[in-house]
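Residue numbers (this note's numbering): 13 to 241. See below for the structure under consideration.
Okay, structure coming up:
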């Protein structure tokens, strides 16, 4: 698939050239005005450290929704962001954050680099909650937290579609936060997706990454695959 060309998928993330892309970390997601679960921030930072060690990126891009809360920053969130920033710094990489719809309070606790979109050649990384301003051959987005249910088991998944948005390819990433179970896409229609870049879900192929076996499973597009689920 063109949407996956030159892309390596690992642990809910994507690697394009020398850029590591994560989406929807939702730091503070489980807090809801209290503190983060014990060890949640450390676990996320450890996964990021493993990824940066494996792929040696020069840039790490968070494709929106670094934060979760709309009404105040829960205890522990600033500390977690500091740890994540330190992981990227120790990897000699640049950290860039693309604000998403949940990042309304980002300016209050984040003084790092932000941008509405990040270009890698003909690929544009953005959050996906609004139509992108920059033209591209491929968009890499988050926002919808895709998952797929197979034989009763829910797994985070990527969604890949060729020429599905204004003739551009689209790759949607799952939430990097393991506390986010994801929204099963098995029976979702176009009107049920939040991202305006997904108007025809049937044209998107679910992609499941099995890091234990080091396999990337690319399924047929949903219109061919729904009846098997």
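The beta carbon of each residue, even a glycine, is placed where N, CA and C say it ideally should be. Computed from a predicted model, the values in this text were never measured in an experiment.
Open item on the list: Contact defined as beta carbons within less than 8 Å: I believe residue 213 pairs with residue 231. What is the distance between those atoms, to the nearest angstrom?
Closed with: Between residue 231 and residue 213 the Cβ distance is about 13 Å, and since that is not below 8 Å, they are no contact.
Open item on the list: Please identify the residue among 162, 165, 156 and 163 whose C-alpha is closest to the C-alpha of residue 201.
Closed with: Looking at the Cα atoms, 156 is the closest of the given residues.
Open item on the list: I need the straight-line Cα distance from residue 18 to residue 28, nearest angstrom please.
Closed with: If you take the alpha carbons of residue 18 and residue 28, they lie about 6 Å apart.
Open item on the list: I'd like the span of the beta strand (DSSP E) that includes residue 222, first residue to last.
Closed with: First-last of the beta strand (DSSP E) with residue 222: 217-222.
Open item on the list: Contact between the segment 126-133 and the segment 156-171 is defined here as three or more beta-carbon pairs at a separation below 8 Å; is this criterion met?
Closed with: With the cut-off at 8 Å, the segment 126-133 and the segment 156-171 do not touch.
- [ ] Can you say whether residue 229 is buried or exposed, counting buried as having 16 or more other CB atoms within 10 angstroms of its CB?
- [x] Classification of residue 229: exposed, given that the 10 Å Cβ count is below 16.
- [ ] Within the same chain, show all residues whose beta-carbon is closer than 6 Å to that of residue 61, passing over the 5 residues directly before and after it, in chain order.
- [x] Sequence-distant Cβ neighbours of residue 61 in its own chain, meaning closer than 6 Å and more than five residues away, are 99.
Task: Nearest-angstrom Cα separation, counted from residue 183 out to residue 207 - done: If I take the Cα positions, the gap works out to 12 Å.
Task: 8 Å Cβ shell around residue 235 - same chain, five flanking residues per side excluded - done: Taking C-beta separations shorter than 8 Å and ignoring five residues to either side along the sequence, the partners of residue 235 in its chain run 214 and 215, following chain order.
TODO: Could you check how far apart the C-beta atoms of residue 30 and residue 71 are, in whole angstroms? I think they sit under 8 Å.
DONE: At roughly 7 Å, the Cβ-Cβ gap stays under 8 Å, so residue 30 and residue 71 are in contact.
- [ ] Would you kindly work out how many angstroms separate the C-alpha atoms of residue 238 and residue 197, rounded to a whole number?
- [x] Residue 238 and residue 197 have their C-alpha atoms some 9 Å from each other.
Task: Beta bridge counterpart(s) of residue 20 as assigned by DSSP - done: DSSP lists 27 as the bridge partner or partners of residue 20.
Open item on the list: Using the Cβ count rule (16 or more neighbours within 10 Å means buried), how would you classify residue 76?
Closed with: Counting of Cβ neighbours within 10 angstroms places residue 76 among the buried residues, the total reaching 16 or more.
- [ ] With DSSP as the reference, label residue 14 as helix, strand or coil.
- [x] Helix, per DSSP.
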